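Reading through the structure tokens given below for one structure.
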Ligand code: ADP
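In our numbering, the protein residues as written are 188 to 675.
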């Protein structure tokens, strides 16, 4: 058929198709925005039919442009935890998809916590009782959407995360989900091959509405030729953060990636060990092949690039995010100004939703440059706390690979290396999420023998930032951060 890899990257704000050559060269990209529906405060919905039609349009456009090579395999990566409900018989959505950001099931989660279920749920799934994950969203749809309930009674209900929905449409009726996405639902035990009956009962989700759990890479399904003119095999399925981890080549124990976008997502490869956390980090499936899993430990901080946006849009201190770099370089230090970016509470490893932001150490000499520098320094401080939590949970970082919009800031990358005391690597090709799905699909299709071999063949060069800060300065920085944190 062909030799190239078609990646469908169905994100939160947009969906894209990208075509990769077997050596990792990017041959084409098509992208379309997705409509965000906010019917009430705290609610976020997508139109699943739109996700499908726009993803298909992108796929067709990128395939039409690339005349050379043809497509050997499809890889899909996607926004995780978002729930789609559809009718197995008609293939039509039964309600709007509930997006991962949606908080409507907060009270259900609180009740389950009060009833003492969190320890057991965390031990079995690696997750916490939070509306972020899929299970309580599924139950909400059954309780509040008539067509979903009616389909369940007819035995026609299909639930799935976004990759599952796209596979159903592409194949004309295969209902499956990969283990990395399934591990974000609260319905998969980390050591269970398929969705767990006890967990389904706890959350009130009928197991027969759920997909079959499959590998993240292998010969997983075949595309109906009506869509892309050939029965192209689907050989990679992987949630976006796991995909970025694979795309960063974090394939051995301890290898870690951090994505600095609006928030920051950090994943460390845990090898075959099922992750257990005493610091409220999440255990998740990184990849699965032949039923054998690799796991990851995951931590997220809520505020990263959004702090820079806040300096720009609410305070008007800067006119562009990139300006922070020159401002930070223009002074020798922040003059003791320290920002704790708890603008929407503190995420891992502190988990203090009630915490609020702090700007400490202000004096008459504090100006725009000090504020910009303190904002960037906060990224290294937050990452340092995560590094300590990961180490305490048995997953010490052997290095850090960074990506996301904020990672373009060289000053921040160097500061991360300095404060963490370890080399920080930034790939020249920053689309690591799409690249991860390409590595999965290329491996699944047998173009490369393993993810490791695919990473060697398809990943490009990277720039390394080496730690250079003296120990006294580093300690002083962390002391100032801890003092400010205590005030948050
Ligand atoms: P997301 O995927 O979450 O939408 P991106 O990965 O596109 O986010 O990153 C965008 C964020 O990165 C914005 O919040 C922006 O403020 C920040 N950002 C972008 N460029 C820079 C820069 N050079 N320095 C600091 N922050 C930056």
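Even for Gly, the Cβ is constructed at its ideal location relative to N, Cα and C.
The structure displayed is predicted, hence computed values, not measured ones.
Nearest-angstrom Cβ-Cβ length linking residue i and residue j, presumed shorter than 8 Å
i           : j           : result
residue 576 : residue 536 : 4 Å
residue 422 : residue 592 : Between residue 592 and residue 422 the Cβ distance is about 29 Å, and since that is not below 8 Å, they are no contact.
residue 531 : residue 479 : At roughly 38 Å, the Cβ-Cβ gap does not stay under 8 Å, so residue 531 and residue 479 are not in contact.
residue 583 : residue 441 : 6 Å
residue 190 : residue 263 : Contact doesn't hold; Cβ gap of about 19 Å is too wide.
residue 566 : residue 504 : 17 Å between Cβ atoms; not a contact.
residue 377 : residue 370 : 7 Å
residue 326 : residue 392 : 6 Å
residue 448 : residue 492 : 6 Å
residue 465 : residue 306 : Actually they are not in contact, since the Cβ atoms of residue 465 and residue 306 sit about 12 Å apart, beyond 8 Å.
residue 556 : residue 517 : 5 Å
residue 273 : residue 339 : Residue 273 to residue 339, Cβ: 12 Å. No contact.
residue 585 : residue 431 : With a Cβ gap of about 17 Å, residue 585 and residue 431 do not count as contacting.
Any non-hydrogen atom of ligand 1 closer than 7 Å to residue i Cβ
i           : result
residue 496 : yes
residue 449 : yes
residue 503 : no
residue 493 : yes
residue 512 : yes
residue 426 : no
residue 593 : yes
residue 509 : yes
residue 596 : yes
Span separating the alpha-carbon of residue i from that of residue j
i           : j           : result
residue 329 : residue 336 : 5 Å
residue 547 : residue 316 : 33 Å
residue 194 : residue 471 : 22 Å
residue 474 : residue 512 : 36 Å
residue 373 : residue 451 : 22 Å
residue 653 : residue 606 : 11 Å
residue 647 : residue 230 : 40 Å
residue 636 : residue 281 : 40 Å
residue 458 : residue 628 : 20 Å
residue 604 : residue 462 : 26 Å
residue 204 : residue 446 : 21 Å
residue 358 : residue 564 : 48 Å
residue 250 : residue 415 : 8 Å
residue 259 : residue 233 : 30 Å
residue 256 : residue 200 : 30 Å
residue 611 : residue 221 : 33 Å
residue 663 : residue 525 : 12 Å
residue 642 : residue 341 : 46 Å
residue 468 : residue 309 : 10 Å
residue 498 : residue 508 : 9 Å
residue 722 : residue 521 : The displayed coordinates of the chain run from 188 to 675. Any statement about residue 722 would go beyond what the structure contains.
residue 243 : residue 496 : 33 Å
residue 247 : residue 595 : 31 Å
residue 617 : residue 411 : 32 Å
residue 488 : residue 669 : 16 Å
residue 476 : residue 429 : 14 Å
residue 455 : residue 623 : 15 Å
residue 212 : residue 561 : 38 Å
residue 677 : residue 666 : Only positions 188 to 675 of the chain appear in this structure, which leaves residue 677 out of reach.
residue 208 : residue 420 : 16 Å
residue 284 : residue 514 : 42 Å
residue 615 : residue 425 : 22 Å
residue 675 : residue 519 : 26 Å
residue 172 : residue 533 : Residue 172 lies beyond the residue range present for the chain, which begins at 188 and ends at 675; the question has no answer from this structure.
residue 226 : residue 640 : 46 Å
residue 288 : residue 484 : 21 Å
residue 399 : residue 252 : 34 Å
residue 332 : residue 510 : 47 Å
residue 645 : residue 453 : 22 Å
residue 661 : residue 502 : 29 Å
Identify every run of the beta strand (DSSP E) within the stretch 551 to 596, keeping only runs that are complete inside it and at least 3 residues long; order them along the chain. 586 to 590
Report the residue ranges of all alpha helix (DSSP H) runs contained in full by the stretch 480 to 557; include only those spanning at least 4 residues, in chain order. 492 to 500, 510 to 516
Runs of alpha helix (DSSP H) lying entirely within the stretch 629 to 669, each at least 4 residues, in chain order: The stretch 629 to 669 contains these whole alpha helix (DSSP H) runs: 638 to 645.
Every unbroken alpha helix (DSSP H) inside the stretch 256 to 322 [4 residues or more]: 293 to 301, 305 to 312
Could you give the uninterrupted runs of the alpha helix (DSSP H) lying entirely in the stretch 379 to 467, keeping only those of 4 residues or more? 384 to 390, 412 to 415, 427 to 434
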